[in-house]
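For the sequence shown, our numbering assigns the number 268 to the last residue and increments by one with no breaks. These notes concern the structure reproduced below.
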Amino acid sequence: MCGREGINDVEDCLELLSVRTLRQHLDQHGPLTLAEASVVLDQVAVALDTLHLQGRIHGFVVPTNVLVLPGGSAHLLCSHTTAASSVSCPPRSFAAGASYLSPEEARGDTVTAATDIWCLGALLYEMLTARAPFVALRLTALREQVISDEPDLLPEAASEAQLVIDYALAKWPMNRFLTAQALANKLWAAAPVATSSSVTTVKKGTDLPVVPASAVSLSQAVNRPLTFAGMPVPAAMTPGRIAPRRNRLVRFFGGRYRAAQQATV
């Protein structure tokens with residue numbers, strides 16, 4: 004595949020180039036720190052938003068499709084994208100990454116760019132925990148979990164990202180981040196300042212090429228302000244020391260939502 008004798012598959016190519024998939028890195032080193040995950044997620048988010056601006060859906064944002072280079076760059080492989088107008092897709096097999104099955108896929112609904120946002124949230128969850136947000140031995144059980152259950156809370160070391168995860172993994176597409184970069188920006192706001200890292204040394208906003216050549220180029224991306232999908236904010240919330248996860252989520256984004264409304268009056 005790489006044009007050299009004895010190189011027969013992708014794994015051989017990656018080993019020759021000292022490139023690892025995010026899956027390999029997590030299996031070998033365990034979860035990333037919040038700062039490390041923020042840098043990786045930011046680069047994947049730019050590639051995803053570029054795809055979405057072109058009217059395409061990635062549909063397979065999983066750790067095996069994210070490459071981590073020795074210098075710290077993260078690259079999203081985009082070999083099989085689909086048009087954003089595509090109808091509901093067939094269910095995935097476990098070999099095809101069913102652990103990242105979105106709620107709309109589990110329900111048999113249409114797949115949209117918001118599905119990629121959900122998968123990006125699942126990717127973030129796995130980067131911070133080294134496990135997928137939902138795991139089951141049977142596909143039917145996994146569908147039930149994805150539709151009805153919430154993933155376990157993040158560990159204490161990554162708790163600052165909990166509300167970002169909750170919003171990204173919302174059951175209904177309309178309640179998620181509008182763009183992948185909006186998710187990444189909110190994570191940057193929650194993450195501590197990155198110092199030295201075994202995964203990445205690049206800074207947020209660095210333009211990096213996506214490999215292979217058929218993938219989306221990050222240099223095509225445009226800068227966009229932080230945006231949020233519309234969420235209904237209840238007129239009153241039940242007071243309490245610890246609010247349910249849904250109420251905590253509304254409080255987290257509600258202030259910005261109401262401030263934006265007041266600014267337009």
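Note that CB positions come from ideal geometry on N, CA and C, so glycine has one too. Owing to the predicted nature of the structure, the values given are computational and were not obtained by experimental measurement.
{"query": "Reduced DSSP secondary structure (H/G/I, E/B, other) of L156", "result": "coil"}
{"query": "CB of I168 within 8 angstroms of CB of L127, strictly", "result": "yes"}
{"query": "Beta carbon of L172 nearer than 8 angstroms to that of P154", "result": "yes"}
{"query": "C-alpha gap between L70 and A50, whole angstroms", "result": "13 angstroms"}
{"query": "C122 versus L186 - alpha carbon distance", "result": "12 angstroms"}
{"query": "As assigned by DSSP and simplified to three states, the class of V64", "result": "coil"}
{"query": "Close beta carbons around S21, own chain, < 7 angstroms, minus the five adjacent residues each side", "result": "P73"}
{"query": "V138, buried or exposed, once every other Cβ within 10 Å from all chains shown has been counted against 16", "result": "exposed"}
{"query": "Distance between I120 and F180 (C-alpha atoms, nearest Å)", "result": "7 angstroms"}
{"query": "Proximity below 8 angstroms, CB of T115 to CB of I60", "result": "yes"}
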